[in-house]
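Structure first, then comments.
Numbering (mature numbering (1 follows the signal peptide of the UniProt record, and there is no 0)), first residue to last: -24 to -1, 1 to 430.
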């Protein structure tokens, strides 16, 4: 029997009413914050049919985003959390039974001067803070926020850590309404209040691979943590970058270009142009106009344009090295120097001719060892040493090494590394490199440094 037009209209009206009620429930779950000050071990969860809350690709945005001490990204919304970029939603208190969502803010602390606190994961709700390490609640928590972070208000919008070298000292940025509470760990008084430049506060914030992101709704904006400078091109949609959503993503056109893609693919076995490591352990691999941070592999991988870290730097790098809190880049016959204090700032007047600055011409590779002023430059199978403390600088006599071709070189606490094609060779120190009569064992860059399967 075919329903009458009146019956059809009635059924359609009921359907619309149900949809409206479902949307209203979803909206209230996202926007409301519970005012209870204690935790409930077994809370009553929201109805499972609030499907948009459990869908990371829905447009509500997130309450908090942070990495844990294993480098796994967590996205919080309502009573739910997603662990990683592709996992299904789980209830927050299934992992952290001491706290019921929704939460206000979260971050992973960077506090090298207090090893017992370093890399704890902090979760904030109302006026309380919980601290976790290796998935377990730290003794003495939850605590009042004002007790753990004096001068920081409750009911936060978001928070993000800022390690020394990116901020002047290990710092936490707390966002509330139009203000940022800059909390410098270990200082008294610790808090300085600053204005946030965007009209919207950050509903969530996260640091990932030296980059800082402010989320507002479904969009995000990248910013620098010291100046709050925002690059052009933002905001962008979170669903195209931070989470896996069917039919979405960025870079579709470039994915068709294999040559371009292989430059950005750390596992492509293309040779790298240079490697560098500084006294703090920051290690970079350079290829074309891109770089990888290799010492933070626990937190993931990404190929970044050089200009993301070194704004004025463009083109291929021939060599890179660090000395006295400065990073040197050699491109052809020019050298460019950046201060490494709080991110990277171009030293005024650079680039300079490398012959005037270092007493050397074009080269294949260069490296310094930790806390040493001795710069070693390689061209072909010849190596020379330049003492950076001298003025004027001049290279010492050439010496022959067993390598006939060198793409890059680096020295860190593990020794001297010589890179050639898809392989690298490790020496215990410079003396071992100079005295070698034959090549040592070859190691694959892709598997041993870039964490590829082959």
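Think of the CB as a built atom: it goes at the ideal place given N, C-alpha and C, for glycine as much as any other residue. None of these values were measured; they are calculated from a predicted model.
Spatial distance of residue i from residue j (CA atoms)
i	j	result
residue 387	residue 132	43 Å
residue 427	residue 170	40 Å
residue 414	residue 377	9 Å
residue 59	residue 41	10 Å
residue 193	residue 222	19 Å
residue 216	residue 196	11 Å
residue 114	residue 402	41 Å
residue 3	residue 126	With a pLDDT of 34 at residue 3, under the threshold of 50, the predicted position of this residue should be treated as unreliable, though the coordinate-derived value follows. In a straight line, the C-alpha of residue 3 is about 33 Å away from that of residue 126.
residue 275	residue 121	27 Å
residue 153	residue 352	51 Å
residue 350	residue 369	11 Å
residue 134	residue 156	10 Å
residue 54	residue 294	49 Å
residue 367	residue 325	18 Å
residue 238	residue 248	11 Å
residue 423	residue 360	30 Å
residue 66	residue 35	18 Å
residue 93	residue 85	8 Å
Strand pairing of residue i, partner residues [DSSP]
i	result
residue 192	195
residue 368	For residue 368, which the question treats as bridged, DSSP gives no partner whatsoever.
residue 147	138, 160
residue 61	Partner(s): none; residue 61 has no beta bridge.
residue 106	99
residue 52	40, 57
residue 344	351
residue 120	104
residue 420	399
residue 167	159
residue 112	109
residue 284	Looking at the DSSP assignment, residue 284 forms no beta bridge with any residue, so it has no partner.
Cβ-Cβ distance between residue i and residue j below 7 Å
i	j	result
residue 296	residue 250	yes
residue 31	residue 97	no
residue 282	residue 298	no
residue 100	residue 70	no
residue 198	residue 207	yes
residue 161	residue 87	yes
residue 314	residue 286	yes
residue 311	residue 333	yes
residue 394	residue 407	no
residue 371	residue 397	no
residue 77	residue 179	no
residue 83	residue 137	yes
residue 150	residue 182	no
residue 410	residue 375	yes
residue 52	residue 79	yes
residue 271	residue 259	yes
Cβ-heavy atom distance, residue i to the ligand GDP, below 6 Å
i	result
residue 107	Among the components of this structure there are no ligands whatsoever, and the ligand GDP is therefore not found.
Below-7 Å beta-carbon distance, residue i vs any chain B residue
i	result
residue 424	Any reference to chain B falls outside this structure, which holds one protein chain only.
(Q) Within 8 Å, do at least three Cβ pairs link the segment 140 to 148 to the segment 318 to 338? (A) yes
Q) Is there contact here, the segment 352 to 360 with the segment 374 to 394, by at least three beta-carbon pairs under 8 Å? A) yes
Q: List in chain order: all unbroken beta strand (DSSP E) runs of 3+ residues lying wholly within the segment 245 to 279.
A: 250 to 253, 259 to 263, 266 to 269
**Q.** 3-residue-minimum beta strand (DSSP E) runs that sit fully inside the segment 300 to 336, ordered along the chain
**A.** 302 to 307, 310 to 315
**Q.** the segment 285 to 292 touching the segment 329 to 348, judged by at least three CB pairs closer than 8 Å
**A.** no
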